[in-house]
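J.: With the first letter of the sequence shown counted as 1, position 127 gets the number 127 in the UniProt record's numbering; the numbers rise by one all the way through. Dropping a structure here in structure tokens format, bear with me for questions.
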Amino acid sequence: MSTVYVRDINSRMARRRLFLITLSLFAAIMIITTFTFYLHDDKLNSQFNDEGSSLKNEGPYKTHGTVLQYATTKGHFTDETLTRYGANLKLNLRHRCPEGSLMMSAKANSYRHGKGKTSKCPKVFIIGTKKGGTTSLYQYLSMHPDFRGIGTNNTKWVGETFYFAQRYGKISLNSYLNLFPKKKMSGDASVDNLLHCKAPFRILKTCGGRDTKVIILLRHPVQRYVSNFMMRVVGRAYKLHSNSSSIHDQLLHDIKLLNKHLGASDKVYPHRASEWNKLLCLFECCQNILYEGLYYVFVMNWLCNFPKENILIINSEEMFWRPAFILKQVLDFVGLKPLSTDSLYEITSHVYNKGVKPFLPQHHMSSDDQELLLSYYSIFNDAIFDLLDWKLNWS
Ligand SMILES: Nc1ncnc2c1ncn2[C@@H]1O[C@H](COP(=O)(O)OS(=O)(=O)O)[C@@H](OP(=O)(O)O)[C@H]1O
1 MSTVYVRDIN SRMARRRLFL ITLSLFAAIM IITTFTFYLH DDKLNSQFND
51 EGSSLKNEGP YKTHGTVLQY ATTKGHFTDE TLTRYGANLK LNLRHRCPEG
101 SLMMSAKANS YRHGKGKTSK CPKVFIIGTK KGGTTSLYQY LSMHPDFRGI
151 GTNNTKWVGE TFYFAQRYGK ISLNSYLNLF PKKKMSGDAS VDNLLHCKAP
201 FRILKTCGGR DTKVIILLRH PVQRYVSNFM MRVVGRAYKL HSNSSSIHDQ
251 LLHDIKLLNK HLGASDKVYP HRASEWNKLL CLFECCQNIL YEGLYYVFVM
301 NWLCNFPKEN ILIINSEEMF WRPAFILKQV LDFVGLKPLS TDSLYEITSH
351 VYNKGVKPFL PQHHMSSDDQ ELLLSYYSIF NDAIFDLLDW KLNWS
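Written out as structure tokens, the structure is:
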């Protein structure tokens with residue numbers, strides 16, 4: 001009798017223990033679910049706060065080693081997007097564009113509304129900057145149901161053709177056009193189009209200025225330099241300056257090459273931003289990592305030779321920070337139907353073409369070299385900030 005009683009107590013205790021364990025498990029699942037929900041919601045809110053149009057006012061954002069410091073007078077951070085629509089840029093082309101620029105010519109209006117040689121061109125051109133996040137943006141667009149990206153060399157959706165820059169005249173227009181689908185909107189993401197002085201003219205003549213949309217991403221130029229350098233170290237697709245592959249040697253070599261071409265003897269080329277067109281068309285001779293960071297030169301060339309209404313300029317760091325928000329702007333700009341917040345968030349959850357971080361001591365850029373690089377860029381950075389009204393400080 002007593003054995004039965006003891007067994008009964010034991011089984012009651014076991015049941016109570018089981019009940020308590022189940023209860024705690026249930027409570028833990030509830031807590032985790034609620035926490036995850038808030039975390040997800042918070043991230044969405046930080047991208048789409050208010051009417052989905054402004055940046056959250058929450059201090060410098062750190063992404064990929066870059067801290068953006070907004071230089072506002074109050075020392076606070078701006079609450080606006082850095083994306084700029086060419087149509088809204090307050091710039092007097094007459095004062096800034098050299099004679100002979102297409103947008104200054106008597107035919108500017110017909111270029112602006114012109115259809116071009118063919119209607120089979122891709123509608124969207126993501127033209128750079130190299131290492132500015134162009135692959136990610138192209139992939140994000142390609143996940144839209146009404147857009148079909150193209151792949152090359154067995155890679156899905158890269159969009160790189162280089163047709164209007166280094167391959168121009170080397171492959172036929174037809175073989176270029178055949179790369180793109182006939183029935184869906186598509187795009188080209190060749191990053192050399194930003195640098196090549198003739199690319200705007202070629203695209204305008206071939207594809208027309210009326211419906212062709214151009215997107216430019218601009219990244220902190222030091223981060224861009226390092227990313228580009230590391231791509232060369234790893235890929236070895238391009239010749240590095242020396243076998244040692246030191247970023248310091250590469251930088252000195254780039255400066256020397258560019259200065260030699262420009263007839264400048266100084267370590268830092270003393271130029272004026274208003275003479276930007278003297279730095280144009282050095283693509284063939286002096287294409288180097290340094291040259292590619294002179295954003296003002298290339299952006300001005302595009303604004304002077306392509307209808308600015310069809311140009312969108314994005315800050316790469318902002319896209320890295322809140323890609324869903326930027327994608328929303330891009331869809332609107334190119335005329336694709338809007339997607340739900342969840343889809344935008346899901347599409348942009350992946351980073352494409354992530355580079356390799358500097359892994360040897362000679363790959364790290366010293367603070368002295370960063371300063372040297374920034375002093376080289378300084379007047380051009382100031383000019384681009386002024387042009388785009390970016391309250392930024394790329395230091
Ligand atoms: N969403 C998002 N968040 C953070 N970082 C991002 C994102 N998308 C692209 N990237 C970074 O952009 C760099 C690659 O740029 P590109 O694709 O334009 O390079 S390329 O010119 O086509 O080779 C590459 O930078 P590095 O990693 O510094 O090399 C990518 O990591």
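We treat Cβ as the ideally placed atom computed from N, Cα and C, and that holds for glycine.
Return the CA-CA distance between Val334 and Lys213, expressed in angstroms with no decimal places.
T.: Approximately 6 Å between the Cα atoms of the pair.
J.: Any contact between the region 93 to 105 and the region 175 to 190? By contact I mean 3 or more CB pairs, one from each, below 8 Å.
T.: No, they do not touch.
J.: Whole angstroms are fine: how far does the CA of Ser190 sit from the CA of Ser378?
T.: If I take the Cα positions, the gap works out to 27 Å.
J.: Under 8 Å: do the region 319 to 335 and the region 129 to 141 share three or more Cβ pairs, one atom per stretch?
T.: Short answer: they touch.
J.: Where Tyr176 and Trp390 are concerned, what is the direct C-alpha to C-alpha distance, given to the nearest angstrom?
T.: Spanning the two alpha carbons is a distance of roughly 36 Å.
J.: Tell me where the alpha helix (DSSP H) around Gly235 begins and ends.
T.: It spans Pro221 to Gly235 - the alpha helix (DSSP H) in which Gly235 sits, taken as one unbroken run.
J.: Can you grab the Cα-Cα spacing for the pair Tyr225 / Asn393, in whole Å?
T.: Between Tyr225 and Asn393, the C-alpha separation is close to 17 Å.
J.: Give a single yes or no on whether Lys156 has its beta carbon closer than 6 Å to a heavy atom of ligand 1.
T.: Flag unset: Cβ of Lys156 not near ligand 1.
J.: Among Asp192, Gly151, Lys205 and Cys197, which has the Cα closest to the Cα of Pro181?
T.: Minimum Cα distance to Pro181 is reached at Gly151.
J.: Taking the alpha helix (DSSP H) that Lys213 falls in, what are its first and last residues?
T.: Segment Lys213 to Leu218 is the beta strand (DSSP E) holding Lys213; no alpha helix (DSSP H) there.
J.: Is the Cβ-Cβ distance between Gly208 and Gly114 less than 7 Å?
T.: It is a contact, given that the beta carbons lie within the stated cut-off.
J.: Using alpha carbons as the reference points, say which of Ile171, Ile347 and Ala87 lies closest to Arg112.
T.: Minimum Cα distance to Arg112 is reached at Ala87.
J.: Distance, Cα to Cα, Tyr140 vs Asp342?
T.: Straight-line Cα distance between these residues: approximately 13 Å.
J.: Check Val191 in the structure and name its three-state DSSP category.
T.: Residue state, collapsed to three classes: helix.
J.: Counting only runs of 3+ residues fully inside the region 297 to 362, write out the beta strand (DSSP E) ranges in chain order.
T.: Fully enclosed beta strand (DSSP E) runs of 3 or longer: 311 to 315.
J.: Taking the straight line between their C-alpha atoms, what separation do you get for Asn381 and Pro221?
T.: One C-alpha to the other measures close to 9 Å.
J.: Could you check if Lys354 belongs to the surroundings of ligand 1, using beta carbon to heavy atom distance under 6 Å?
T.: Under cutoff, so the answer is yes.
J.: Measure the Cβ-Cβ separation of Ile313 and Arg84 and say whether it is below 7 Å.
T.: A contact, by the Cβ cut-off of 7 Å.
J.: Helix, strand or coil for Met185, going by three-state DSSP, please let me know.
T.: Strand.
J.: Output yes or no for whether 7 Å exceeds the beta carbon distance between Phe164 and Arg202.
T.: Yes; because the gap between Cβ atoms is below 7 Å, this pair is in contact.
J.: Tell me whether Thr22 is buried or exposed, calling it buried when 16 or more other Cβ atoms sit within 10 Å of its Cβ.
T.: That one is exposed.
J.: Is the closest heavy atom of ligand 1 to the C-beta of Pro323 under 6 Å?
T.: Yes.
J.: Roughly how many angstroms separate the alpha carbons of Arg16 and Lys357, rounded to a whole number?
T.: Rounded to the nearest angstrom, the two C-alpha atoms are 54 Å apart.
J.: For Ser316 versus Arg232, is the C-beta spacing smaller than 7 Å?
T.: In this structure, Arg232 does not lie closer than 7 Å to Ser316 by Cβ.
J.: Per the DSSP calculation, Phe125 is bridged to which residue(s)?
T.: Asp188 and Val214.
J.: Closest to Thr118 by CA distance: which of Gly159, Ile126 and Asn174 is it?
T.: Answer by Cα proximity: Asn174.
J.: Buried or exposed for Pro122, please, with buried defined as at least 16 other CB atoms from any protein chain shown within 10 angstroms of its CB.
T.: By the 10 Å Cβ count, Pro122 comes out buried.
J.: Comparing alpha-carbon positions, which option in Leu374, Asp369, Met103 and Lys90 lies nearest Gln250?
T.: Of Leu374, Asp369, Met103 and Lys90, the residue nearest in Cα terms is Asp369.
J.: What is the rounded straight-line gap between the Cα of Ser349 and the Cα of Ser227?
T.: Answer to the nearest angstrom: the Cα atoms are 21 Å apart.
J.: Taking C-alpha atoms, which residue in Ala199, His253 and Gly116 lies nearest to Leu373?
T.: Minimum Cα distance to Leu373 is reached at His253.
J.: How close, in whole Å, do the beta carbons of Trp276 and Tyr296 come, if the pair is a contact with beta carbons under 8 Å?
T.: 6 Å between Cβ atoms; contact.
J.: Would a C-beta distance cut-off of 7 Å place Lys328 and Leu344 closer than the cut-off?
T.: Contact: yes.
J.: Which residues bound the alpha helix (DSSP H) around Asn381?
T.: Segment Ser367 to Leu388, the alpha helix (DSSP H) holding Asn381.
J.: Measuring only from the beta carbon, is Lys131 closer than 6 Å to any heavy atom that is part of ligand 2?
T.: Looking at this structure, you won't find ligand 2 anywhere; what it does contain is ligand 1.
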